[in-house]
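See below for the structure under consideration.
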Amino acid sequence: MHLQPQATDDGRGDVHNLKFSDDTFSLVVSRCSLLCWNDKVKAFSEMYRVLRPRGIGFVGMGSGKYLSRSERKRVLSALDELRERGHADKEWLKDLPSTDYLCYIVMKAGVTDYRILRYPDGVWVEMRKSLPQADIRRRRSQHACPNAVPRSSPPGGGSG
């Protein structure tokens, strides 16, 4: 894959006020930062704003579905060991945000196409940005069959 120099910007900045234009990225990922955000609704809103139509965003913490079973087992075992040693008060070891809470935040941010993915060691929000309705109508009309003739009678030519 060849990346343009401007596409390699590391994107550091304030999640509450992203420095990018609307509809900039096809993929937005934020891992393990959710607990640090002051205004979670604003942060989700900003990430959604910079997401292109047909783009996808992932926000969450934990390993998600991309670890092998053996690696996930190892991670969960290490977390259990930390809890047993008395480190359960650490912010990143506390209970993860509830599904209801995340749904509320994401909906309040204006995201309409999303799902919450829960795993034993984490939770992820997957959000997708749809095409604007005007683009959908235009694409449908561009792909309509130019030789299509509307049916005025039932298939087979019968009268009913």
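According to our numbering, the sequence shown is numbered sequentially starting from 14.
Don't be surprised by glycine CBs; every beta carbon is placed ideally from N, CA and C.
All values reported here derive from a predicted model rather than from experimental measurement.
Whole-angstrom distance between residue j and residue i, CA atom to CA atom
| i | j | result |
| --- | --- | --- |
| Phe33 | Val63 | 6 Å |
| Arg67 | Gly99 | 45 Å |
| Tyr61 | Leu48 | 18 Å |
| Thr125 | Tyr114 | 15 Å |
| Asp52 | Ala91 | 31 Å |
| Leu95 | Pro145 | 47 Å |
| Met140 | Glu97 | 35 Å |
| Ile129 | Asp93 | 24 Å |
| Leu40 | Cys116 | 20 Å |
For residue i: DSSP bridge partner residues
| i | result |
| --- | --- |
| Pro128 | Contrary to the premise, residue 128 reads as Arg rather than Pro in this sequence. Paired residues: Glu139. |
Opening and closing residue of the alpha helix (DSSP H) in which residue i lies
| i | result |
| --- | --- |
| Cys90 | Going by the sequence as given, residue 90 is Ser instead of Cys. Run containing Ser90: Arg82 to Leu95, per the alpha helix (DSSP H) assignment. |
| Asp113 | Thr112 to Lys121 |
Residue i (DSSP reduced to helix, strand or coil)
| i | result |
| --- | --- |
| Phe38 | strand |
| Ser43 | strand |
| Asn160 | Residue placement at Asn160 is flagged as unreliable, the pLDDT there being 41, under the threshold of 50; a coordinate-derived value is accordingly withheld. |
| Leu144 | coil |
| Lys53 | helix |
| Leu31 | coil |
| Gly26 | coil |
Where the beta strand (DSSP E) through residue i begins and ends
| i | result |
| --- | --- |
| Leu64 | Leu64 to Met74 |
Residues of its chain near residue i, where Cβ-Cβ distance is below 6 Å and the 5 sequence neighbours each way are ignored
| i | result |
| --- | --- |
| Ile45 | Looking at the sequence shown, residue 45 is not Ile but Cys. For Cys45, where only same-chain residues beyond five positions count, the Cβ hits under 6 Å are Met74. |
| Val54 | Ile118, Lys121 and Ala122 |
| Val42 | Phe71 |
| Lys142 | Leu64, Pro66 and Gly68 |
Cβ neighbours of residue i in the same chain (closer than 7 Å, five flanking residues each side left out)
| i | result |
| --- | --- |
| Phe38 | Val63, Leu64, Arg65 and Gly68 |
Cβ shell of residue i (< 8 Å), same chain only, five flanking positions each side left out
| i | result |
| --- | --- |
| Glu59 | Val28, His29, Asn30 and Leu31 |
| Trp50 | Val28, His29 and Ala56 |
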